[in-house]
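Peer 1: Mind looking over this structure? Questions follow.
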Amino acid sequence: MRVWLACFFVLFALAKLFDWVQELSLPLPIYILGGAFLAVASNYDKIVGSYFSDAISEAQPEQPQLDTSSVEKLNT
Numbered sequence: 002m003r004v005w006l007a008c009f010f011v012l013f014a015l016a017k018l019f020d021w022v023q024e025l026s027l028p029l030p031i032y033i034l035g036g037a038f039l040a041v042a043s044n045y046d047k048i049v050g051s052y053f054s055d056a057i058s059e060a061q062p063e064q065p066q067l068d069t070s071s072v073e074k075l076n077t
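Counting from 1 along the sequence shown, just add 1 to a position and that's the residue number in my numbering.
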């Protein structure tokens, strides 16, 4: 019984919220700003990730590589 009552209240609240949203009208600049925000948010890892990976690679110098011939000389 409690589940039915809870479902009724949730559906009622959703229906009232849907009616309220339908009557709400936003000006065009709000839609443009919202779209720009969504575009930045969806590509955030591409924009910031490439910036940080470039900065990290510049901050860490490459470690010298050992030649295989020098390693073989050390082992013998």
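Glycine included, every Cβ here is placed at the ideal spot set by N, Cα and C. Since we're looking at a predicted model, the values are computed, not measured.
What is the rounded straight-line gap between the Cα of ASP46 and the Cα of ARG3?
Peer 2: 44 Å
Peer 1: Out of curiosity, what's the CA-to-CA distance linking ALA14 and SER43?
Peer 2: Between the alpha carbons of ALA14 and SER43 lies a distance of about 30 Å.
Peer 1: Give the DSSP-derived three-state secondary structure of LEU34 in the structure shown.
Peer 2: helix
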